[in-house]
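As you go down the protein sequences, you meet chains A, B, C and D in turn.
Count along the first sequence starting at 1, add 35, and that's the number in the working numbering.
Count along the second sequence starting at 1, add 35, and that's the number in the working numbering.
Count along the third sequence starting at 1, add 35, and that's the number in the working numbering.
Count along the fourth sequence starting at 1, add 35, and that's the number in the working numbering.
Ideal Cβ positions, reconstructed from N, Cα and C, are used throughout, including at glycine.
Taking it in order: structure first as structure tokens, then the write-up.
There are 4 protein chains.
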Amino acid sequence: MIKVGIVGGTGYTGVELLRLLAQHPAVELSAITSRGDAGTHVAAMFPSLRGRVDLKFEDPAAANLKACDLVFFATPNGVAMQQAPELLDAGVRVVDLAADYRIVDVAEWEKWYGMKHASPEWVAKAVYGLPEVNRNAIRGARLVANPGCYPTAVQLGFAPLVEAGLVEISGLIADAKSGVSGAGRKAEVSSLFSEASDNFKAYGVPGHRHLPEIRQGLSRMSKNGPVGLTFVPHLTPLIRGIHATLYARVTGEADFQALYEQRYADEPFVDVLPEKTHPETRSVRASNLCRISVHRPQGGDTLVILSVIDNLVKGAAGQAVQNMNIMFDLPETEGLWQLPVLP
Amino acid sequence: MIKVGIVGGTGYTGVELLRLLAQHPAVELSAITSRGDAGTHVAAMFPSLRGRVDLKFEDPAAANLKACDLVFFATPNGVAMQQAPELLDAGVRVVDLAADYRIVDVAEWEKWYGMKHASPEWVAKAVYGLPEVNRNAIRGARLVANPGCYPTAVQLGFAPLVEAGLVEISGLIADAKSGVSGAGRKAEVSSLFSEASDNFKAYGVPGHRHLPEIRQGLSRMSKNGPVGLTFVPHLTPLIRGIHATLYARVTGEADFQALYEQRYADEPFVDVLPEKTHPETRSVRASNLCRISVHRPQGGDTLVILSVIDNLVKGAAGQAVQNMNIMFDLPETEGLWQLPVLP
Amino acid sequence: MIKVGIVGGTGYTGVELLRLLAQHPAVELSAITSRGDAGTHVAAMFPSLRGRVDLKFEDPAAANLKACDLVFFATPNGVAMQQAPELLDAGVRVVDLAADYRIVDVAEWEKWYGMKHASPEWVAKAVYGLPEVNRNAIRGARLVANPGCYPTAVQLGFAPLVEAGLVEISGLIADAKSGVSGAGRKAEVSSLFSEASDNFKAYGVPGHRHLPEIRQGLSRMSKNGPVGLTFVPHLTPLIRGIHATLYARVTGEADFQALYEQRYADEPFVDVLPEKTHPETRSVRASNLCRISVHRPQGGDTLVILSVIDNLVKGAAGQAVQNMNIMFDLPETEGLWQLPVLP
Amino acid sequence: MIKVGIVGGTGYTGVELLRLLAQHPAVELSAITSRGDAGTHVAAMFPSLRGRVDLKFEDPAAANLKACDLVFFATPNGVAMQQAPELLDAGVRVVDLAADYRIVDVAEWEKWYGMKHASPEWVAKAVYGLPEVNRNAIRGARLVANPGCYPTAVQLGFAPLVEAGLVEISGLIADAKSGVSGAGRKAEVSSLFSEASDNFKAYGVPGHRHLPEIRQGLSRMSKNGPVGLTFVPHLTPLIRGIHATLYARVTGEADFQALYEQRYADEPFVDVLPEKTHPETRSVRASNLCRISVHRPQGGDTLVILSVIDNLVKGAAGQAVQNMNIMFDLPETEGLWQLPVLP
């Protein structure tokens with residue numbers, strides 16, 4: 036059994052980690068911390084876990100995280116960079132679900148996240164945890180930077196095209212739509228039901244923090260130089276789900292449907308749909324799957340790729356567990372094989 | 036392995052049965068029928084099952100249902116009463132998720148359902164499949180009448196009081212609210228998103244088919260004669276979920292919280308919440324649980340019981356699988372132990 | 036033109052007042068205050084008002100409210116009782132949309148609202164602003180206590196029965212369901228989209244602040260002594276809307292449908308639906324209407340009354356404007372005659 | 036008073052026309068037809084209109100539409116082309132809310148709509164009813180082809196750029212999201228609450244009927260030859276609202292914010308928002324407004340234009356009334372000046 040700790044388990048990625056880990060046959064949940072809610076039973080805050088998770092939130096100072104084999108940070112940006120190094124030095128492996136170790140260029144990170152990085156030396160050692168691109172490096176990683184939700188959907192959607200060098204790399208467009216749980220379990224007016232329900236809007240068009248992360252990931256895949264990307268996120272009245280609609284101009288011909296099917300043939304969590312179909316976010320709800328469709332409308336020179344994930348699973352907690360499975364040499368689907376919930 | 040067939044799998048209870056059975060370790064899915072969609076891949080209709088369920092819908096005439104150990108009828112009312120007897124006679128056990136065998140009084144059934152019963156002889160042999168009340172009879176049953184969704188939530192909520200004879204049995208009130216999936220996957224204007232979303236209404240106040248079923252169930256439990264019940268169902272903009280708010284006047288004193296906790300102490304799927312709390316439908320979403328709270332506002336003589344279930348699981352497909360587990364001597368929670376999905 | 040001021044206009048009742056008053060032909064909007072947002076353009080916070088409302092929020096200290104003919108308090112409970120008396124003494128008439136002046140028994144108010152009342156002398160002078168019950172007193176009122184949202188729906192639903200003395204007054208039940216905007220535009224976790232969407236729950240069953248208000252109102256109407264009421268509020272995933280399902284036991288016979296139709300025959304904002312029908316919350320969305328259905332299921336002795344309103348209009352801002360119209364001798368429907376928005 | 040008839044009033048554009056026309060000071064509603072619901076009171080089908088609209092649906096054959104000054108067709112595609120000519124010949128003016136007269140190239144229309152056109156001679160005489168582009172021609176029109184919902188949002192969003200010839204005309208992208216009422220009030224599984232709620236998907240990516248309409252409209256505005264457009268519609272869980280996210284590559288420099296502000300300076304129903312802001316669909320809910328934001332992320336060469344409308348108002352019934360106002364020399368905002376409903 037892998038002894039697992041969670042730092043900061045009161046948000047949506049925290050409760051989703053708990054849901055997945057409590058059902059994982061190879062995991063022993065050892066500790067979960069929360070500064071503000073220390074002493075509270077996890078199941079009192081999240082009644083969905085009653086009778087199944089018998090932990091209390093502990094104060095971070097009191098929790099014996101060093102006795103864990105793996106610690107997940109489900110904290111706001113800027114916490115893991117402070118607390119992870121001590122655990123790493125003690126031999127604990129870490130998966131950070133926040134953004135602290137995702138961007139290799141520390142200055143760039145500091146610009147977008149508006150704070151000084153507390154452990155830049157670990158940025159270089161961190162492995163970007165997108166298994167479909169980076170599986171081998173994840174296997175031996177001490178510190179995994181779990182990708183953001185938008186970056187997961189967008190990178191998996193663009194990867195076959197960018198790796199093959201068949202599209203105009205300087206003018207990619209990602210029009211992405213997210214459910215409201217992506218904004219977290221924070222008390223903010225803009226996330227209220229009466230604000231976000233029956234409403235649709237773009238946000239962060241001048242610049243969103245996931246832009247440099249996606250650009251970095253796609254540029255690594257590209258043979259044709261750095262990527263130029265326009266990224267427009269939107270808020271849509273779903274609890275869970277991301278739908279990325281991706282646009283790229285063809286520069287080299289191929290059977291694009293076959294390209295995608297081959298690229299993901301061995302991936303347990305990426306499903307390429309048949310031609311002329313459209314993935315729905317609910318078809319991956321509560322599962323670790325990414326489903327992708329490939330379109331070339333009217334045979335023109337613009338490809339349209341549709342990519343859907345559950346932002347809390349493949350976009351956060353599920354991918355973190357997938358990374359854990361790889362790090363600890365478990366079958367990659369262990370504990371992640373529940374079917375999507377539809378309707 | 037239990038060889039299982041499903042008759043009529045294109046509705047919401049059908050796809051939910053598929054979700055549960057495809058993950059059940061002791062079940063082999065042998066056949067699924069649909070008159071209208073014979074030849075269609077199940078996963079083409081329900082993409083959430085892609086890669087996991089490799090069946091096609093078969094024509095009922097062609098499907099070899101007699102080779103099954105158990106057949107679930109997930110059909111509209113009036114189908115099982117025609118087709119189940121032949122299977123039963125061939126030694127196949129049957130769980131009917133529709134209403135055909137729920138009401139013992141055939142004349143009463145015919146009045147509420149507006150048709151002549153085709154196999155009244157089997158009505159008498161059928162066992163009402165509410166395990167928390169009827170477990171022993173289910174064990175040996177050849178034909179189980181799976182309870183309706185409202186009747187499950189209301190009966191589990193009232194049972195401890197009615198069995199103990201501590202409330203005025205002639206004036207019970209059940210104010211129940213259901214998600215829209217309860218209306219099924221039928222193309223009807225009243226179930227359209229633009230009709231049912233951002234809207235709340237009662238329906239069927241003059242009389243709803245679940246009224247006689249609940250009345251029959253509660254009257255069987257009652258020591259104090261037949262039950263008088265006012266039942267008001269409402270439609271609320273959820274996909275899944277039933278919330279029953281139950282009112283009863285106290286006629287005899289007791290520690291009602293303790294009464295409920297004791298009554299359900301050994302039930303794996305009924306969770307009595309602590310005093311002064313309120314169950315939420317999402318706390319049981321996609322799970323087979325029923326959560327119940329017991330209130331006595333201002334210490335008056337009216338008890339308020341709150342009972343929530345997922346109408347597609349404990350209110351339909353999950354309870355059907357629970358009945359199957361009992362019928363085949365499996366652990367009752369087998370295949371039904373997934374945690375609720377929250378948020 | 037009536038010169039109108041609004042104290043505390045940044046909540047949902049505030050923006051709804053602005054929507055209604057900006058379209059009211061006899062009103063001149065003079066000032067709107069907000070301590071936290073002074074200096075902000077109203078239309079920057081509420082872009083629905085762009086081009087139509089040219090006010091800025093002013094600091095309460097700076098705003099010249101005494102020059103107004105009428106001031107609406109759209110503030111949290113406890114503000115009007117501090118600030119209204121000075122305006123009243125200056126001859127300004129006041130409508131308080133909060134609860135400060137609703138409960139005649141000051142000790143009772145202080146118990147439920149957890150604070151000491153700052154102007155109990157005005158409680159006695161205040162008029163409870165439910166026009167269908169209290170129209171004449173409103174006409175000459177200096178201070179109107181605008182009813183709560185639940186109390187409006189429940190009192191209008193019960194009034195004909197209670198006034199006529201035809202039901203058991205000691206055992207009334209009000210099972211009420213509210214949209215989430217009823218919780219206000221406050222940043223609270225429980226009102227987040229990801230908490231309140233696809234979810235249904237009761238709350239406040241041990242005791243809700245609207246209980247004493249409803250009890251007081253119904254007791255005033257009753258010829259048969261004080262009212263005993265069980266009141267259970269629920270949260271349902273609507274933005275706007277209250278649906279009250281009311282239960283009462285018949286003690287005297289009458290044609291109840293006719294009773295309701297006659298009681299409300301001259302009321303412009305109360306619509307009694309035909310027999311055997313069910314009102315929907317969306318049929319009153321964004322309007323000042325209350326629609327009511329009267330049922331007697333199976334001819335038994337329990338009446339079921341269904342009453343729907345838009346909680347922000349007839350349950351708050353619209354009723355406040357209706358009171359203003361009465362106070363200033365305008366046609367009662369002036370500025371309130373927009374049709375409901377459906378779908 | 037303008038005597039107005041409506042053909043086919045049982046859909047969402049029909050009931051929205053009724054809502055607007057019943058409140059229009061210069062309109063007398065004379066007749067409304069429905070083949071299937073002749074004899075039914077309009078207010079029985081749409082209780083939001085109770086007490087305010089006293090019409091019954093009439094059989095099309097019986098209704099005296101020729102006595103009207105103007106007839107709106109709120110029918111499925113293919114009805115107006117059969118029935119409008121007779122009315123037109125009798126001197127009645129017609130606004131068709133369906134697609135029959137929108138596409139000038141009849142062969143192209145027949146390809147996309149899959150039927151033979153019944154009155155191609157009237158296609159040439161019809162005026163495309165987008166007032167912001169075509170106001171003068173509308174004034175004298177006998178037959179107005181009211182634009183589609185997507186085409187309205189997309190054309191208003193792109194018009195300033197395309198008219199000015201400042202973007203690459205061959206590679207425009209319109210990523211559009213629509214509420215479910217856009218699919219109409221038809222009983223279809225894909226529009227059910229349990230299918231469309233908590234779900235997001237693209238549809239019609241290989242080709243959608245609004246593509247040729249948008250292409251035709253933009254090509255007319257373009258000085259730089261015909262337009263190449265990729266159009267991807269999506270379904271999002273709103274009742275009302277369209278959000279178009281538009282992408283265009285800059286080919287000539289300008290102050291794009293100023294360009295938009297000047298283009299729409301005199302338009303009562305187009306509101307250009309300040310820089311760096313994002314329009315929300317709810318900010319135009321139930322109103323005839325279009326709100327637009329202009330972005331140039333990171334100063335790159337891709338412009339992002341955000342355009343929102345209410346699909347039932349500016350995208351259908353409201354625009355039809357706006358066209359009527361122009362045709363009958365009324366103030367353009369008459370009967371269309373209600374504020375948006377928010378929240």
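Which class does Ile-138 (chain A) belong to by DSSP, given the choice of helix, strand or coil?
-> coil
Counting only beta-carbon atoms, is Phe-228 (chain B) nearer than 7 Å to chain D?
-> Closer than 7 Å to some Cβ of chain D, the Cβ of Phe-228 (chain B) qualifies, so yes.
By the 10 Å Cβ neighbour count, where 16 or more other Cβ atoms means buried, how is Gln-357 (chain A) classified, buried or exposed?
-> buried
Count the C-beta pairs between the stretch 101-113 of chain B and the stretch 131-141 of chain B that are closer than 8 Å, then say yes if the count reaches three, no if not.
-> yes
When burial is assigned at 16 or more other CB atoms within 10 Å of the CB, is Lys-146 (chain B) buried or exposed?
-> Result: exposed.
Just list the alpha helix (DSSP H) runs in the stretch 270-302 of chain C, keeping only unbroken ones of 4 residues or longer that don't cross its boundaries, in chain order.
-> 291-298
Contact check, Leu-264 (chain D) vs Arg-250 (chain D), beta carbons under 7 Å | yes
Where do the ends of the alpha helix (DSSP H) carrying Val-129 (chain D) lie?
-> From DSSP, Val-129 (chain D) is part of no alpha helix (DSSP H) but of the beta strand (DSSP E) over 128-131.
Residue nearest to Gln-354 (chain D) in terms of C-alpha spacing, selected from D:Ala-180, D:Glu-143, D:Glu-63 and D:Pro-120 = D:Ala-180
Write down every uninterrupted run of the beta strand (DSSP E) in the stretch 133-219 of chain C whose length is 3 residues or greater and which is fully enclosed by it, in chain order.
-> 178-180 and 207-213
Would you mind stating whether Val-141 (chain D) and Val-168 (chain D) have Cβ atoms separated by less than 7 Å?
-> no
How do the stretch 211-231 of chain B and the stretch 44-56 of chain B stand: do at least 3 beta-carbon pairs fall below 8 Å, yes or no?
-> yes
Starting from Asp-306 (chain B), follow the beta strand (DSSP E) in both directions and report where the run begins and ends.
-> 305-307
Tell me which same chain residues have a C-beta within less than 8 Å of the C-beta of Asp-104 (chain A), skipping the five on either side of it?
-> Setting aside the 5 residues that flank it on each side, Asp-104 (chain A) is surrounded in the same chain by Ile-37, Lys-38, Val-39, Val-127, Arg-128 and Phe-363, each with a C-beta closer than 8 Å to its C-beta; the list follows chain order.
Write down the C-beta distance between Val-114 (chain B) and Gly-46 (chain B) rounded to the nearest angstrom, noting that I regard them as a contact closer than 8 Å.
-> Between Val-114 (chain B) and Gly-46 (chain B), the beta carbon gap of about 11 Å keeps them out of contact (Cβ cut-off 8 Å).
Euclidean distance between Cα positions of Arg-331 (chain C) and Pro-314 (chain C) | So the two alpha carbons sit approximately 15 Å from each other.
Over the uninterrupted alpha helix (DSSP H) stretch that includes Arg-317 (chain A), give me the two end residues.
-> Bounds of any alpha helix (DSSP H) do not take in Arg-317 (chain A), whose DSSP letter is neither H nor E.
How would you label Lys-212 (chain B), buried or exposed, when you count the other beta carbons within 10 angstroms and need 16 or more for buried?
-> buried
Measuring CB to CB, does Cys-184 (chain A) end up less than 7 Å from Gly-74 (chain A)?
-> no
Leaving out five residues on either side along the sequence, give the residues of the same chain with a beta carbon under 8 Å from the beta carbon of Asp-72 (chain C).
-> Thr-45, Met-80 and Phe-92
Assumed close pair Val-267 (chain D), Val-339 (chain A) - CB separation to whole angstroms, cut-off 8 Å | 6 Å
Measuring only between beta-carbons, confirm whether Pro-60 (chain C) sits less than 7 Å from chain B.
-> no
Determine which residues share a DSSP beta bridge with Glu-381 (chain D) and list them.
-> Examination of residue 381 (chain D) is not possible in this model, given that chain D is present from 36 through 378 alone.
Which first and last residues belong to the beta strand (DSSP E) in which Thr-45 (chain B) is found?
-> It is not in any beta strand (DSSP E) - Thr-45 (chain B) carries neither H nor E in the DSSP assignment.
Go ahead and pull the three-state DSSP assignment for Val-356 (chain C).
-> helix
Exposure of Pro-375 (chain A), with buried meaning 16 or more beta-carbon neighbours within 10 Å | buried
So, is the C-beta of His-243 (chain D) closer than 7 Å to a C-beta in chain A?
-> Not closer than 7 Å to any Cβ of chain A, the Cβ of His-243 (chain D) fails to qualify, so no.
So does the stretch 186-195 of chain B actually touch the stretch 271-287 of chain B, counting three or more Cβ pairs closer than 8 Å?
-> Touching, per the Cβ criterion.
Determine the extent of the alpha helix (DSSP H) in which Ser-257 (chain B) is found, giving its start and end residues.
-> Segment: none, Ser-257 (chain B) is in no alpha helix (DSSP H) and carries neither H nor E.
Do Thr-316 (chain C) and Asn-234 (chain B) have their CB atoms nearer than 7 Å?
-> Yes, Cβ-Cβ distance for Thr-316 (chain C) and Asn-234 (chain B) is below 7 Å.
Go ahead and label Asn-346 (chain A) buried or exposed: buried means 16 or more other beta carbons lie within 10 angstroms of its beta carbon, across all protein chains shown.
-> buried
C-beta neighbour in chain C for Ser-216 (chain D), strict 7 Å = yes
Within the same chain, show all residues whose beta-carbon is closer than 8 Å to that of Glu-369 (chain C), passing over the 5 residues directly before and after it, in chain order.
-> His-59, Pro-60, Ala-61 and Asn-360
Evaluate Met-116 (chain D) with the Cβ neighbour count: other Cβ atoms within 10 Å of its Cβ, from every protein chain shown; 16 or more gives buried, anything less gives exposed.
-> Buried, since its Cβ has 16 or more Cβ neighbours within 10 Å.
On the three-state DSSP scale, how would you describe Glu-121 (chain B)?
-> helix
Check whether the Cβ of Ile-340 (chain A) lies closer than 7 Å to any Cβ atom in chain C.
-> It does not: the Cβ of Ile-340 (chain A) has no partner Cβ on chain C nearer than 7 Å.
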